[in-house]
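For reference, the structure discussed in these notes is given below.
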Amino acid sequence: MDCEGGGKSNSNSKGGGGGGPCGACKFLRRKCVRGCIFAPYFESEQGAAHFAAVHKVFGASNASKLLSRIPTHHRLDAVLTLSYEALARAKDPVYGCVAHIFVLQHQVVKLQAELAYVQARLSTLQHIAATPPFPFPFPHETSSSSDTHISIMHYVDHNNIHLQPLPPSLTTLLNPSHDDNLQDSAQEFALMYLAAGSGPRF
Numbered sequence: 345m346d347c348e349g350g351g352k353s354n355s356n357s358k359g360g361g362g363g364g365p366c367g368a369c370k371f372l373r374r375k376c377v378r379g380c381i382f383a384p385y386f387e388s389e390q391g392a393a394h395f396a397a398v399h400k401v402f403g404a405s406n407a408s409k410l411l412s413r414i415p416t417h418h419r420l421d422a423v424l425t426l427s428y429e430a431l432a433r434a435k436d437p438v439y440g441c442v443a444h445i446f447v448l449q450h451q452v453v454k455l456q457a458e459l460a461y462v463q464a465r466l467s468t469l470q471h472i473a474a475t476p477p478f479p480f481p482f483p484h485e486t487s488s489s490s491d492t493h494i495s496i497m498h499y500v501d502h503n504n505i506h507l508q509p510l511p512p513s514l515t516t517l518l519n520p521s522h523d524d525n526l527q528d529s530a531q532e533f534a535l536m537y538l539a540a541g542s543g544p545r546f
């Protein structure tokens, strides 16, 4: 019995007159005629094993009728789907490819959860990066302190105020190694001497 047709075969087809039967016809032990619908997709060697699974699950006649109703440019996808489902059913007669679908769905859910976690973490880090750091003195505040210090020292010089020697504690504070406290110490020093009665002499 010849292999059922239903479509024009490619010029590279092994079916009918050139190079032996295709894998489907080899498995079915029949002559592979020119125009065999299975020839372009089931080659002579491994194609026989794949077609065996398709034949066992769907039947050769049903597979041939199905392919004949599908446009030629979509038949390869259909053959791959039939082969995949048939091999999956051979490995798992109960669930077939459904078991693979369950596994893939589980992986999708897991990856979605991981993606949500990463997005939440990224959002948190971006929020932290956008938060301004601990506030430092504003430029106008620094300028104000400097202006106050200059005004006090100008007042001292203008009124011929005689400043007493610095106590040891203030000498330590005004050590050049304490640059960060230099301006504050100078201002504190001037205010302390003014408040102690070393004011202007009339």
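Just so it is clear: in the sequence shown, position 149 is 493 by our numbering, and no numbers are missing. All C-beta atoms, glycine included, are put in the ideal place defined by N, C-alpha and C. Computed from a predicted model, the values in this text were never measured in an experiment.
Can you have a look at residue i and say buried or exposed, based on whether 16 or more other CB atoms are within 10 angstroms of its CB?
i              : result
tyrosine 439   : exposed
alanine 404    : buried
isoleucine 472 : exposed
aspartate 523  : For aspartate 523, the predicted structure reports a pLDDT of 45, less than 50, and the residue's modelled location is therefore unreliable. The matter cannot be settled from this model.
isoleucine 445 : exposed
lysine 370     : buried
glycine 391    : buried
arginine 465   : exposed
leucine 424    : exposed
Quick one: Cα of residue i to Cα of residue j, how far?
i                 : j             : result
glutamine 470     : histidine 450 : 30 Å
phenylalanine 386 : leucine 455   : 36 Å
valine 442        : serine 467    : 37 Å
glutamine 463     : leucine 431   : 39 Å
proline 384       : tyrosine 428  : 17 Å
lysine 409        : cysteine 376  : 17 Å
alanine 396       : histidine 417 : 24 Å
leucine 453       : valine 447    : With the sequence shown as reference, residue 453 is identified as valine, and leucine is not the correct amino acid for it. Answer to the nearest angstrom: the Cα atoms are 10 Å apart.
lysine 435        : leucine 372   : 22 Å
arginine 378      : proline 437   : 35 Å
lysine 400        : arginine 433  : 10 Å
tyrosine 461      : proline 476   : 25 Å
Can you tell me whether residue i is helix, strand or coil according to DSSP?
i                 : result
alanine 396       : helix
phenylalanine 386 : coil
aspartate 421     : helix
arginine 373      : coil
tyrosine 439      : coil
glycine 367       : helix
phenylalanine 402 : coil
isoleucine 472    : helix
isoleucine 381    : coil
serine 445        : Residue 445 is actually isoleucine in this sequence, not serine. Helix at isoleucine 445.
arginine 413      : coil
Give every residue of the same chain whose Cβ lies closer than 7 Å to the Cβ of residue i, excluding the five residues on either side of it in the sequence, and list them in chain order.
i             : result
leucine 426   : Val398, Phe402 and Ala407
leucine 420   : Tyr385
glutamate 458 : none
For residue i, which residues from the same chain have a beta carbon less than 8 Å from its beta carbon, with the 5 sequence-adjacent residues on both sides left out?
i             : result
glutamate 585 : No answer is possible for residue 585: the residues shown for the chain start at 345 and end at 546.
glycine 364   : Lys358, Lys370, Cys376 and Ser388
alanine 422   : Leu410, Leu411 and Ile414
Using C-beta distances below 6 Å, list every residue in its chain close to residue i, excluding the 5 sequence neighbours before and after it, in chain order.
i             : result
histidine 394 : Ser427
Do residue i and the ligand PLP come close, with the Cβ less than 7 Å from some heavy atom?
i           : result
glycine 364 : Of ligands this structure carries none, so the ligand PLP is not represented either.
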